[in-house]
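Visitor:
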Amino acid sequence: MHAVTSNGTPFKFSDAALAEVQGLMKKYPDDRQKSAILRALHIAQEENQGWLSVPAMDHVAEVLSITPIEVYEVASFYSMYNLEPVGRYVLEFCHTGPCAIEGAEQLIEYTKLKLGIGKNQTTADGLFTIKEVECLGACGYAPMMQVGQYYHEHLTEEKIDRFINDCRAGKIDKGTWKMH
Amino acid sequence: MGRKLLLEHAHVEGIDSYEVYRKHGGYRSVEKALKNMTPDEVVEEVKKSGLRGRGGAGFPTGLKWSFLAKPEGVPRYLLCNADESEPGTFKDRFLMEKIPHLLIEGMITSSYALGANTSYIYIRGEYSWIVKILEKAIAEAYAAGWLGKNILGKGYDLDLYVNPGAGAYICGEETALIESLEGKRGNPRIKPPFPAVKGLWQCPTVVNNVETIAAVVPIINDGGEEYAKLGIGKSTGTKLISACGNINKPGVYEIELGVTVEQFLYSDEWCGGIKNGKQLKALVAGGSSVPILPHFLVTKNIRGEQRLMTYESLADGGFESGTMLGSGGFIVYDEDQCIVRNTWNFTRFYHHESCGQCSPCREGTGWMEHVLWRLENGQGKMSDIDLLADVAKKIEGNTICPLGDAAAWPVNSAIRHFREEFEWHVREPKTCMERNYGLVKEPEMYVQG
Ligand SMILES: Cc1cc2nc3c(=O)[nH]c(=O)nc-3n(C[C@H](O)[C@H](O)[C@H](O)COP(=O)(O)O)c2cc1C
Ligand code: SF4
Ligand code: FES
């Protein structure tokens, strides 16, 4: 759980995202549109450079017709939401037991040294943030990390090197929460 | 013991598409249920199958369904639990990725049985690409007339939606899942009332695991009695096991319940033995929450009998010398692994995932993490070992939801079976930082069996 920060520029969903969120609200009974909050926040985060600023959360509250505090409560509970700015590529390494016995900790150390940052820090060029997360359901394909929507499994130092180069060259597709 | 019911077609090219799935017998269970059976008859068939919940607790599914309250004019909901966050568990992911229509089909047949007209699949947010796989399958099922209004002209309506989470292990607990689906923090509810009476939006609700729902398909196709012929005793049918750790062949396997642990662990059909010619040190048989077993209690129980992959056989010996089948997350440790470090790692997980509502869980997991860190880093005292056991005991049974117990069991069992390794960490603080303890010796009483 983390504190809500107050900086951030004004935020509004793109037209496509707004239409999508309004569509999501219809999946729940009348007056239960609050249930669309988790996915609405995923989309907002994606449209706000990977993190949820107060203006972004306030906008989600407005779209869902709920109070801002209801959104802050939720946003601060779930680990996939970033409440502070992050780099373009957030490397989320699993460090739970099964990944740890396959060398996750050494690999995380390697990446930190390579990028010159620690956990929850972002490189000066704004490209990379390292996060350590709990089991992502890829234990048989360990060690692994998630970046955007995709899993990168059976990681090695060579794979990390290649991945970082590809990111720097702008070749990595992060996927999107939006439907199309 | 190679019979497969769920993954039989999982490797067929294009099975994730509607046409191929249908060609391989898909959606027959919906046809059969809606055309020839009343909802109660479907429930009856599931009861006869002996199917037990595959999410971890192993509660009989038919019985659970029969508890669902049916007040007039109040909607009922079926929620599929695809939160899958228990360390070591990655079976539901495999099923949904490979053969998504099996889950959709199971949801339709099960929703019909329960009289639900709206159902949701709550899936962990990190599985975001699977959200798309499922939504594509759902769209295909709507287009083919298996979902929507008046399905098969039988007057039954069903809408099915996918609801992704956003990173919280606790949302796999069924009442936390309901809270999360309502758009709130995932704080478990105090029970009673149970979801069967007051669940989603205070309406009667059933929550079932992905694999449980999928198993309803072969049960309705072939009949509950046929299903019950597979397996042993009260462990009927097949089970998906996700195997990981220091083995040659990690992966997801469908086994008939009753395979011996020895076969599962060492045969090439499944795990293929311990990697790099090492020896087995320990096993966590059913996800991080279940008690850990030392090598000498893995393939045999305390009386020297073969241990089987069943609910009963794995639990044989209770918490003294047994464990649980749990979610089927099978984690294997070789002789080089450190039990203290692993216990610290799991405890850090539970501390991180505690929702914070109950002080024994919120504070206790933090204390255990702290003390274990001390021991693992050569700063522990002998008295820390009993302190740990004491904190674990004070959490167990004193919390709103079972996460507290789940956090206590790995610690209790590690101390019970690997005490000398914990003591070694205190006695040899320098050595424990450089190398691992290796295998614990088999106590006399076990040898004599
Ligand atoms: C902390 C915690 C996490 C859980 N996580 C899951 C999960 O990820 N998936 C699941 O199916 N059940 C999980 N369960 C069990 C559910 O509460 C519930 O028993 C299960 O979904 C019922 O379905 P079943 O009867 O089909 O097994 C969890 C329980 C607890 C206490
Ligand atoms: S036991 Fe832990 S996770 Fe469960 S309700 Fe209490 S504090 Fe939350
Ligand atoms: S422990 Fe890393 S994915 Fe499960």
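For the protein sequence lines, the chains are P and Y, in the order given.
With the numbering used here, you'll find the first sequence wraps up at 182, consecutive numbering, no jumps.
With the numbering used here, you'll find the second sequence wraps up at 582, consecutive numbering, no jumps.
C-beta: ideal position from N, C-alpha, C; glycine also.
1. With 16 as the cutoff for other CB atoms within 10 Å, does Gly530 (chain Y) come out buried or exposed?
2. For Gly142 (chain P), name the three-state secondary structure that DSSP assigns.
3. How is the beta strand (DSSP E) around Thr338 (chain Y) delimited, first residue to last?
4. Can you name, in chain order, every residue of its own chain whose Cβ lies under 6 Å from the Cβ of Arg481 (chain Y), other than the five neighbours on each side?
5. From the DSSP output, in three-state form, read off His503 (chain Y) for me.
6. Report all residues for which the CB-ligand distance to some heavy atom of ligand 4 is below 6 Å; order them along the chain.
7. Please tell me whether, using a cut-off of 6 Å, the distance from the CB of Ala361 (chain Y) to the nearest non-hydrogen atom of ligand 3 is below it.
8. Within 7 Å of any Cβ in chain Y, is that where the Cβ of Arg41 (chain P) sits?
9. Verify the CB distance criterion: does Glu107 (chain P) have a CB-CB separation below 7 Å to chain Y?
10. Against chain Y, which members of the region 128-139 of chain P pass a CB distance test of less than 9 Å?
11. Would you kindly check if the distance between the Cβ of Ser81 (chain P) and the Cβ of Gly258 (chain Y) is under 7 Å?
12. For chain Y, check one thing: does any of its Cβ atoms lie closer than 7 Å to the Cβ of Lys173 (chain P)?
13. Would a check of beta-carbon distances place Phe479 (chain Y) closer than 7 Å to chain P?
14. Roughly how many angstroms separate the alpha carbons of Asp355 (chain Y) and Glu402 (chain Y), rounded to a whole number?
15. By DSSP's criteria, His154 (chain P) is part of a beta bridge. Which residues make up the other side?
16. Consult DSSP for Gln108 (chain P) and reduce its assignment to one of helix, strand or coil.
17. Relative to the C-alpha of Asp17 (chain P), which residue among P:Val65, P:Gly52, P:Asp175 is closest?
18. Can you tell me whether Pro220 (chain Y) sits near ligand 3, meaning its C-beta is under 6 Å from at least one heavy atom of the ligand?
19. Could you confirm whether any beta carbon from chain P is found closer than 7 Å to the beta carbon of His144 (chain Y)?
20. Tell me the rounded alpha-carbon separation between Ser55 (chain P) and Ala166 (chain Y).
21. Any beta carbon of chain Y sitting closer than 7 Å to that of Ser55 (chain P)?
22. Kindly give me the distance between the Cβ atoms of Gln51 (chain P) and Pro12 (chain P), rounded to whole angstroms, as I take these residues to be in contact under 8 Å.
23. Just by C-beta distance, which residues in the region 97-126 of chain P are closer than 7 Å to chain Y?
24. If we define contact as Cβ-Cβ less than 7 Å, is Gln47 (chain P) a contact residue for chain Y?
25. In whole angstroms, give me the CA-to-CA distance for Asn381 (chain Y) and Gly405 (chain Y).
26. When you compare each of P:Met146, P:Thr69, P:Glu72 to Lys133 (chain P) by their alpha carbons, which one comes out closest?
27. When we look at the beta-carbon of Lys362 (chain Y) and count the other beta-carbons within 10 Å, is it buried (16 or more) or exposed?
28. By the three-class DSSP mapping on this structure, what secondary structure does Leu211 (chain Y) have?
29. Report, in whole angstroms, the separation of the C-beta atoms of Arg136 (chain Y) and Thr371 (chain Y), which I expect to be a contact under 8 Å.
30. Whose Cβ in chain P lies nearer than 8 Å to the Cβ of Gln470 (chain Y)?
31. Quick check on Cys336 (chain Y) - is its C-beta less than 7 Å from some C-beta in chain P?
32. Taking the alpha carbon of Asn341 (chain Y) as the reference point, which residue from Y:Asp216, Y:Gly364, Y:Leu140, Y:Gly489 has its own alpha carbon closest?
33. Assuming Thr194 (chain Y) contacts Leu184 (chain Y) under a Cβ cut-off of 8 Å, what Cβ separation, rounded to an integer in Å, is found between them?
34. Consult DSSP for Lys176 (chain P) and reduce its assignment to one of helix, strand or coil.
35. Could you have a look at Ile323 (chain Y) and say whether DSSP puts it in helix, strand or coil?
36. Could you give the first and the last residue of the continuous beta strand (DSSP E) run that contains Phe130 (chain P)?
Guide: On the basis of the data shown:
1. Taking the second sequence and counting its residues from 1, one reaches residue 530 (chain Y) at position 397. With fewer than 16 Cβ atoms within 10 Å of its Cβ, Gly530 (chain Y) is classed as exposed.
2. Position 140 of the first sequence, counted from the first residue, corresponds to residue 142 (chain P). Secondary structure of Gly142 (chain P) (DSSP, three-state): helix.
3. In the second sequence, residue 338 (chain Y) corresponds to position 205, counting from 1. Per DSSP, Thr338 (chain Y) belongs to the beta strand (DSSP E) from 338-342.
4. As a working note, residue 481 (chain Y) is residue 348 in the second sequence. Cβ neighbours of Arg481 (chain Y) beyond the five flanking positions: Glu502.
5. Position 370 of the second sequence holds residue 503 (chain Y). Reduced to three states, the DSSP call for His503 (chain Y) is helix.
6. No copy of ligand 4 appears in this structure; the ligands present are ligand 1, ligand 2 and ligand 3.
7. Your numbering for residue 361 (chain Y) matches position 228 in the second sequence. No, the beta carbon of Ala361 (chain Y) sits no closer than 6 Å to any heavy atom of ligand 3.
8. By 1-based counting over the first sequence, the position of residue 41 (chain P) is 39. Arg41 (chain P) has a beta carbon lying within less than 7 Å of a beta carbon in chain Y.
9. The residue labelled residue 107 (chain P) in the question sits at position 105 within the first sequence. No - not a single Cβ of chain Y is within 7 Å of the one on Glu107 (chain P).
10. Cβ proximity to chain Y below 9 Å picks out Val135, Glu136, Cys137, Leu138, Gly139 from the region 128-139 of chain P.
11. Taking the first residue of the second sequence as 1, we reach residue 258 (chain Y) at position 125. Taking the first residue of the first sequence as 1, we reach residue 81 (chain P) at position 79. With respect to Ser81 (chain P), Gly258 (chain Y) sits apart: the two C-beta atoms are not nearer than 7 Å.
12. As a working mapping, residue 173 (chain P) is identified with position 171 in the first sequence. False, the Cβ-Cβ gap to chain Y never drops below 7 Å.
13. The residue given as residue 479 (chain Y) occupies position 346 in the second sequence. Chain P contact via Cβ: present.
14. As a working mapping, residue 355 (chain Y) is identified with position 222 in the second sequence. As a working mapping, residue 402 (chain Y) is identified with position 269 in the second sequence. Going by the C-alpha atoms only, they are around 26 Å apart.
15. The count along the first sequence starts at 1 and reaches residue 154 (chain P) at position 152. BP columns for His154 (chain P) point to P:Met147.
16. Numbered from its first residue, the first sequence carries residue 108 (chain P) at position 106. When secondary structure is reduced to three states using DSSP, Gln108 (chain P) falls in the helix class.
17. Walking along the first sequence from the start, residue 17 (chain P) turns up at place 15. Ranking the options by Cα distance to Asp17 (chain P), first place goes to P:Val65.
18. To locate residue 220 (chain Y), count along the second sequence from 1; it is residue 87. For ligand 3, at least one heavy atom lies less than 6 Å from the Cβ of Pro220 (chain Y).
19. As a working note, residue 144 (chain Y) is residue 11 in the second sequence. Output row for His144 (chain Y): interface = no.
20. The residue given as residue 55 (chain P) occupies position 53 in the first sequence. The residue given as residue 166 (chain Y) occupies position 33 in the second sequence. So the alpha carbons of these two residues sit roughly 49 Å apart.
21. Numbered from 1 along the first sequence, position 53 holds the residue referred to as residue 55 (chain P). Output row for Ser55 (chain P): interface = no.
22. Taking the first residue of the first sequence as 1, we reach residue 51 (chain P) at position 49. Taking the first residue of the first sequence as 1, we reach residue 12 (chain P) at position 10. The C-beta distance from Gln51 (chain P) to Pro12 (chain P) rounds to 13 Å, too long to meet the 8 Å contact threshold.
23. Under the 7 Å Cβ criterion, the region 97-126 of chain P contributes Thr98, Gly99, Pro100, Ala102, Ile103.
24. Numbered from its first residue, the first sequence carries residue 47 (chain P) at position 45. At a cut-off of 7 Å between C-beta atoms, Gln47 (chain P) does not count as an interface residue with respect to chain Y.
25. Within the second sequence, the letter at position 248 stands for residue 381 (chain Y). Within the second sequence, the letter at position 272 stands for residue 405 (chain Y). For Asn381 (chain Y) and Gly405 (chain Y), the distance between alpha carbons rounds to 5 Å.
26. Position 131 of the first sequence, counting from 1, holds the residue named residue 133 (chain P). Per the Cα distances, P:Met146.
27. What you label residue 362 (chain Y) is simply residue 229 of the second sequence in a count that begins at 1. Exposed is the call here.
28. On the second sequence, position 78 is the one that residue 211 (chain Y) refers to. Taken through DSSP and simplified to helix, strand or coil, Leu211 (chain Y) comes out as strand.
29. Numbered from 1 along the second sequence, position 3 holds the residue referred to as residue 136 (chain Y). Numbered from 1 along the second sequence, position 238 holds the residue referred to as residue 371 (chain Y). That belief holds up - the Cβ atoms of Arg136 (chain Y) and Thr371 (chain Y) are roughly 7 Å apart, short of 8 Å.
30. Position 337 of the second sequence, counted from the start, is the residue given in the question as residue 470 (chain Y). Simply Ile103.
31. In the second sequence, counting from the first residue as 1, residue 336 (chain Y) sits at position 203. With its beta carbon at least 7 Å from every one in chain P, Cys336 (chain Y) lies outside the interface.
32. The residue given as residue 341 (chain Y) occupies position 208 in the second sequence. Asn341 (chain Y) has its Cα closest to that of Y:Asp216, out of Y:Asp216, Y:Gly364, Y:Leu140, Y:Gly489.
33. By 1-based counting over the second sequence, the position of residue 194 (chain Y) is 61. By 1-based counting over the second sequence, the position of residue 184 (chain Y) is 51. The C-beta distance from Thr194 (chain Y) to Leu184 (chain Y) rounds to 5 Å, short enough to fall under 8 Å.
34. Position 174 of the first sequence, counted from the start, is the residue given in the question as residue 176 (chain P). The answer is coil: DSSP assigns Lys176 (chain P) none of H, G, I, E or B.
35. Counting from one through the second sequence, the residue named residue 323 (chain Y) turns up at place 190. Looking at Ile323 (chain Y) - three-state DSSP - the assignment turns out to be coil, as it is neither helix nor strand.
36. As a working note, residue 130 (chain P) is residue 128 in the first sequence. Where Phe130 (chain P) is concerned, the enclosing beta strand (DSSP E) stretches over 130-135.
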